[in-house]
Amino acid sequence: MTNIKQIEENLKREAKRLLESKEVSVVLAYARGYDEHHPLPYAARTAGEVGNLIFNEYCTYNLARYLTKYPPKTKIAIAVKAADSRAVVQLIQEEKVKKEDLVILGIPFIGMKDPKTGEEIDQKTTCHMANPVLYDILLGEEIRDAGAGSPYDVLAELEAMDQAARWSFWEKEFSKCIRCFACRKACPMCYCDPCFMDASRPRWADKSPTADGNLMYHLTRFYHLAGRCIDCGECSRACPMDIPLHLFHKKMAKECETMFGQAAGMKIDDKPVMVNYGNQDSDEMLK
Amino acid sequence: MDFEPKILGIACNWCTYTGADLAGTTRLKYPQNVRTVRVMCSSRINPSFIIRAFQLGADGVLVGGCHPGDCHYGTGNLYARRKLAITKKILEFAGMDQKRFRVEWISASEGNKYAEIVEEFTRDLKALGPQNTFRIEKDSRERI
Amino acid sequence: MSTALTPYLEMSQAIAEAGGEAFRKCYQCGTCTGTCPWSPVTEFSIRKLIRLSQFGYDGIEDLMWGCTTCKFCVDRCPRGVEIIDLVKSIRNMYAGGGLLPTSLRSFVGSLASRGNPWSGDVEKRNDWGKGKYPLFAEGMDYLYWTCCTVCYDPRNVLVAKASAEILNRSGLSWGLPGTDAQCCGESVKKVGDFDLFERIKGNNLGLFKAGGARKILTISPHCLATFKQEYGGDAEVVHFSELLDDLIRSGKIQPKKDRGGLKVTYHDPCYLGRHSGIYDAPRDILKALPGVELVEMDRIREQSMCCGGGGGGLWMERAKGERLSDLRVEEALATGATVLATSCPYCIAMLEDSVRTLNADDRIQVKDLTELVYESLEG
Amino acid sequence: MSRIGVFVCHCGLNIAKTVRVSELAEFAGTLPDVVVAADYKFMCSTPGQELIQNDIKKYNLDRVIVAACSPLMHEKTFRKVIANAGLNQYLLSIVNVREQDAWVTDSEDEATAKAKALINGAVYRARLLQPLTARFIDVNSDVMVVGGGITGIQAALELAETGKKVYLVERNSTIGGHMAQFDKTFPTLDCSACILTPKMDAVLQNPRIELMTYCEVEEVKGFVGNFDVKIRQKARYVDHSKCNACLACTEKCPGRGTSEWDEGLVKRKAIYIPFPQAVPQKPVIDRNACTYFKKGKCRLCEKACGQSAIAFDQEDTFREIKVGAVIVATGYDLMDTKPLVQYGYGKYPGVYHALEIERLFNSAGPTGGKVVMRDGREPQSIAILHCIGSRDKNHCEYCSRVCCMYSLKFAHLLKEKTHGDVYQLYIDMRAPGKGYEEFYNRLVEEDVKFIRGKAARVTDKTDNPDFAGKLVVEVDDTLTGRFATIPVDMVVLSPAMKPRTDAKEMARLFNLSTDKYGFFMEKHPKLAPLSTMTEGVFIAGACQGPKDIPDSVAQGTGAAAEALTIVVKDRLELEAATAIVNPASCCGCQSCVRVCPYGAPVFNREKNVSEINEALCKGCGLCAASCPASAIFTRHFTNDQVMAEMEGLMEF
């Protein structure tokens, strides 16, 4: 696997070339935060600003969420890891961005670390893939053996619980929610503005973080992300109260894969599962 | 007085609601625990409705739609099937007892099937007892 | 006194409660009697029996013992009336009160005392095998449930031997039930003695569970149908013809001896065909025997003619000319076949009886599938 | 704050018997925002309606709740009632306390408690109802009739008489349907051709009927008043504009095809007209039987044709036709009797089914009207077997209604033409129509032998010497209670009437639903037998269920009248409950555009929001449920209205 420093070099070289040739007007990557372990998302607009770019094991942010914030037709280059590339594919599927406006810099890497805890994160929270699904330029060699086990193994413990135990688990977790909406902010697929939570007719949930309001917010978001979530784990990392939201999203991704035979963000010409139907969908899933 | 479950029925106007009417015109007798909301198509049902129904204290939710292929709007219930399937999985993973949420395809000519399902569902729910998972006490809930 | 009929509705209510309420669906169209194999040869009319039970008119006693539960009428009834259940429930009302016809009292008595209908000595149940074959033990592939008829009836003992020899050559691990095994109880339930049936069933189910039998192999289709439809145990039940067909297909049993163009016709036993839906396995077996030419009779498969042995028929006295097995033998002779093959001990007994009474033993022989296959192995 | 009026109907005793109506009205009065609550014996009657209208004015109500029968019954009635009292017709909520409450329980407490909960839900919902104005769309005044059988012909003629243009689409190369195959019709024994061909000719001559034979419906788009039907004109390989129907081509043709018209009893040429009085009387070429198409040489018909009308290079062509209403009259098929092995159809040549016998009787049929069997013999004894497949749980559980009568007709014709013995094996002789019983009595007097018993088996194997060479029918003669064997030369089966084999596809084309046997589903079996759930599409004749010619003709006329109610108007009021996008909330995810079956939502590229074309929107609400930002309001079923009703229902 290409050494991380080498990837950073390649990133800077490509960013400089793209900006100087005006092929793109902005390069989305990472820059130093207040220290090495806490990088920040960074938009380099001129060749000079490329110097600030860095890439290390802590650059976990999913930059795809910024693609929907730029006005249409802006040419953007974006550095994406495996999971982030699936987010880009999903956005293209939903026609929120156009492939021709993007230059995708793929980063094949395993071993990202969670800035908060410093632990390695790939097995537990992400989609377990090493190579980006879609890229124009690859900033390192492709990784052959992506390691055994499926991303859904981590669900075994929760799935083994009986319903009452699972309910008390989630009830406790949701009660911690302070409605800061960081999870919504961090998610590349949550681009609705205003969100259903901001509606007042009907008021789906009360504005203050009451138990039932939290329940409605999180369960509805799980539904909105079903078949669209690319399992990057950013929502849990962004959550100040450490609610393991990624587990629920992972479970939904697993169910969608088994029921509809399609994983999110894998192929550009797929249609998102919830706005599609299969004649061969069996009624068993309703039993 | 033993426990009488409250079931919220959401029925599609063209098939299940008409089927329920047919059960009435043929004077079939079935328990009166179901209160039905009529919607134009089973695809009108938003998963948030189901979550809200359980929050409002429903002991069971019965969604009724046309058989796949019979939908008055063509493909409405095919989308609904996926939406309701994922809703079932959300409820299950969150910890709601699976037997409290039923989705049945009941056509306009299946009055007896409607009556049988309501009877069976009421029996199951009586065994399960009241639903206290999502229920929120009435007083802590302001009016919409 | 007037010959007018008056409805005796308490009787029909009682029949309904005993499990025969299906008579309410009948609109007396006559398909059942038209289809019933007994109609051309006897006074018996199943439609009349249903009519009488609808109103509780008297005359039920004269008709109630005519049916051999061959299920032909049930398959054809346009109203889906479960006619066999009705016949069972009528007989239950009479048998319950001990009003069995004399010819049936002996076999029911023997079942009650010895657990087999042939007044056979309980200890001698497995003596036909002369100790050569193993008893069933946990972990074996199959519990080979030998029906009382193949244990005690001299003619059918040959079937037991042939089948045992085949199993020995099949490479499967199998064993016989102990001597505490009893009849599957099909006939006794069909003659209406439900309590005796429940007792026997309890005993046998106990044996299955105690022995830890996962797969049960039966030689008689009556055991097959009763175990599957009435016993409700969780073990898998397979008929000998189904297993034999697989064994031949997978090459574990290779019939080699050329039978030199032997003309064989096959009689579908009602409990293997209509009751259990097995039609092709026996035919594939016969086709796999070298030098055997299978010629089919007119009434076969779903439309097969009953031999008259089911539902207690084996023990009922039938006047000459009123025996279905005679007609069946004649039909077999008409095909020019020299062997009438079948796969049910009751059919073997009935057809053998008819071949003798029609003294056609020089023109045709009755053989069980296992015997034919066993003879083909000897080469 | 809204001012709600609640009106509880007794419906005579239908509701009042189990729901304590006065207590219900009283309860309704105590609910917040309910200004008046009353109950009355018949709310839908004129006094009942006036009661509501007076209360609207007296208490100036702005919402009305009627607790009565199902909204599917009288919602439209009560909408007119409050509209006439000046209140917008959508400010109404119907509570179903009859079909789904009073009629389905015997316990008064249960029924009343449920009624209270239902009313409470309605009050919650009523508060949020919005006034809606109906929309109007223009209506195309033409009508399409699909299916050229007697029903379709009748409908087309009636509509053309009123001055409307009619497109009559028929799949076969001629109109006339099954009726044209018959020789006589019961009970009057009219010759079928004599009463049908004038009507067929009238269709041909009528300038306002465009006859489209050898055509199939390919695709249907649009909605009531504006259907857009794509028709496939199958290649005839004969240019009908040039052909003068001299039929010289048919003499020379060496091609051999099985004649579907004669039910396969006989062969026909490759270039053919099905029967002499076919309309149009111009031939078509059957590709599978034509030597030119199979081997590339022949073209004898081209040489024989004086008008050079033969066109081997013809292709299927398509036409888009705009109509305001559609009548589907696609008729029936007879059940295939081969699977009923016990009757030996297909095994014994002497066994015929009903349509085959009709062709034998028909003078234009394969045997010129003489009853001659496949082996050339004239039958001296015939058995007609009723209920083959009908009234049978294993096949078709329904009674096919017409077989008793046409079997009687067969018996008469067989008696008349063969002077032989005729047996009829029936379960119940069903002769309910005008002159039907009299026809049955006439047949009894003509010494037809009626046996009350369903035939169980037909076989040629018998050991009775004097049955040799005969077909033996085994039956339980239930009147004598004895088993009987009837030796006959010929057996006629009266099979069940079934929907067309492609009824499912036809239903999908026109968005119709079918009942569990495959017949098209009417809106209401008693009150709306000809209309369907799809507005503007009507059904008539045997495609809706087995029926005889008089009923089919009556339904053809009825469907014509119903279609007329739409096409006489130049503008049509459409359901107002459609969906609308709130652009402020739309996040441009286009889920609605992807799911809508009618293509109503369109994505506006500049504003990056979806907009809904209300003319195409049917108000199903699929888009609203798929919209993550809940930016779409389906009028009359908005999110807050549904959730409010749920809250009200769950309160009690």
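Read top to bottom, the protein sequences are chains A, B, C and D.
Numbering-wise (this note's numbering), the first sequence opens with residue 1 and increments by one.
Numbering-wise (this note's numbering), the second sequence opens with residue 1 and increments by one.
Numbering-wise (this note's numbering), the third sequence opens with residue 1 and increments by one.
Numbering-wise (this note's numbering), the fourth sequence opens with residue 1 and increments by one.
Note that CB positions come from ideal geometry on N, CA and C, so glycine has one too.
Note that this is a predicted model, so its numbers are computed, not measured.
Inter-residue spacing [alpha-carbon to alpha-carbon] between residue i and residue j
i: ALA67 of chain D; j: ILE388 of chain D; result: 48 Å
i: TYR292 of chain D; j: LYS267 of chain D; result: 18 Å
i: PHE208 of chain C; j: PHE23 of chain C; result: 36 Å
i: GLN254 of chain C; j: VAL329 of chain C; result: 30 Å
i: VAL154 of chain A; j: PRO525 of chain D; result: 56 Å
i: CYS270 of chain C; j: LEU225 of chain A; result: 59 Å
i: ASN60 of chain D; j: ALA577 of chain D; result: 25 Å
i: SER585 of chain D; j: GLU611 of chain D; result: 12 Å
i: TRP118 of chain C; j: SER110 of chain C; result: 7 Å
i: VAL103 of chain B; j: LEU84 of chain B; result: 8 Å
i: LEU143 of chain C; j: LYS215 of chain C; result: 6 Å
i: GLY619 of chain D; j: THR36 of chain B; result: 19 Å
i: LEU224 of chain C; j: THR218 of chain C; result: 6 Å
i: PRO583 of chain D; j: VAL609 of chain D; result: 6 Å
i: THR30 of chain D; j: MET646 of chain D; result: 20 Å
i: GLY48 of chain A; j: PRO244 of chain A; result: 40 Å
i: CYS26 of chain C; j: MET73 of chain D; result: 37 Å
i: PHE136 of chain C; j: ARG318 of chain C; result: 39 Å
i: LEU358 of chain C; j: ILE348 of chain C; result: 15 Å
i: ASP201 of chain D; j: ILE209 of chain D; result: 11 Å
i: THR258 of chain D; j: CYS215 of chain D; result: 21 Å
i: GLU26 of chain D; j: PRO47 of chain D; result: 21 Å
Residues that residue i contacts on chain D, provided the C-beta gap is smaller than 7 Å
i: ARG65 of chain A; result: Ordered by position in chain D, no residue passes the 7 Å Cβ test against ARG65 of chain A, which lies about 14 Å from the chain.
i: ARG47 of chain C; result: ASP476, THR478
Beta-bridge partners of residue i, as assigned by DSSP
i: ARG20 of chain D; result: Looking at the DSSP assignment, ARG20 of chain D forms no beta bridge with any residue, so it has no partner.
i: TYR73 of chain B; result: Paired residue(s): none; TYR73 of chain B is not in a bridge.
i: GLY273 of chain C; result: In the DSSP output, where bridge partners are listed per residue, GLY273 of chain C has none listed.
i: ALA528 of chain D; result: D:HIS524
i: CYS191 of chain D; result: D:LYS184
i: TRP174 of chain C; result: C:TYR142
Contact set between residue i and chain B, taken where Cβ atoms lie within less than 7 Å
i: MET506 of chain D; result: What MET506 of chain D touches in chain B: nothing, since even the nearest Cβ is about 13 Å away.
i: MET533 of chain D; result: TRP14, HIS72
Contacts that residue i makes with chain D (C-beta to C-beta distance below 8 Å)
i: ILE45 of chain B; result: ALA625
Cβ-heavy atom distance, residue i to the ligand MN, below 7 Å
i: THR102 of chain C; result: For the structure depicted, the ligand MN is absent and the ligand set is empty, with no information on it obtainable.
Neighbouring residues, chain B, relative to residue i (Cβ below 8 Å)
i: PRO71 of chain D; result: ARG38
i: GLU645 of chain D; result: VAL37
Contacts of residue i in chain D (Cβ-Cβ under 9 Å)
i: GLN98 of chain B; result: Under the 9 Å cutoff, chain D gives no residues; its nearest Cβ is about 21 Å from GLN98 of chain B.
Under 7 Å by beta carbon: chain A residues contacting residue i
i: ASP640 of chain D; result: ARG201, PRO202
Ranges of the alpha helix (DSSP H) found wholly within the stretch 127-160 of chain A, counting only runs of at least 4 | 156-160
Tell me the start and end of each unbroken alpha helix (DSSP H) in the stretch 46-124 of chain A that is at least 4 residues and wholly inside, in chain order.
-> 82-93
Which residues, in order along the stretch 98-118 of chain D, keep a beta-carbon less than 9 Å from a beta-carbon of chain B?
-> ARG98, GLU99, GLN100, ASP101, ALA102, TRP103, VAL104, THR105, ASP106, SER107, GLU110, ALA111, ALA113, LYS114, ALA117, LEU118
Of the residues that make up the stretch 105-137 of chain B, which ones have a beta carbon closer than 8 Å to any beta carbon in chain D?
-> SER107, ALA108, SER109, ALA115
Inside the stretch 3-63 of chain B only - beta strand (DSSP E) runs reaching at least 3 residues | If only uninterrupted beta strand (DSSP E) runs of at least 3 residues are considered, those enclosed by the stretch 3-63 of chain B are 7-12, 34-39.
For the stretch 405-429 of chain D, enumerate the residues whose C-beta is nearer than 7 Å to any C-beta of chain C, in chain order.
-> ILE427
Cβ-based contacts, 7 Å cut-off: residues of the stretch 20-32 of chain B near chain D = ALA20, ASP21, ALA23, GLY24, THR25, ARG27, LEU28, LYS29, TYR30, GLN32
Minimum length 4: unbroken alpha helix (DSSP H) runs contained in the stretch 229-267 of chain A = 234-238, 245-260
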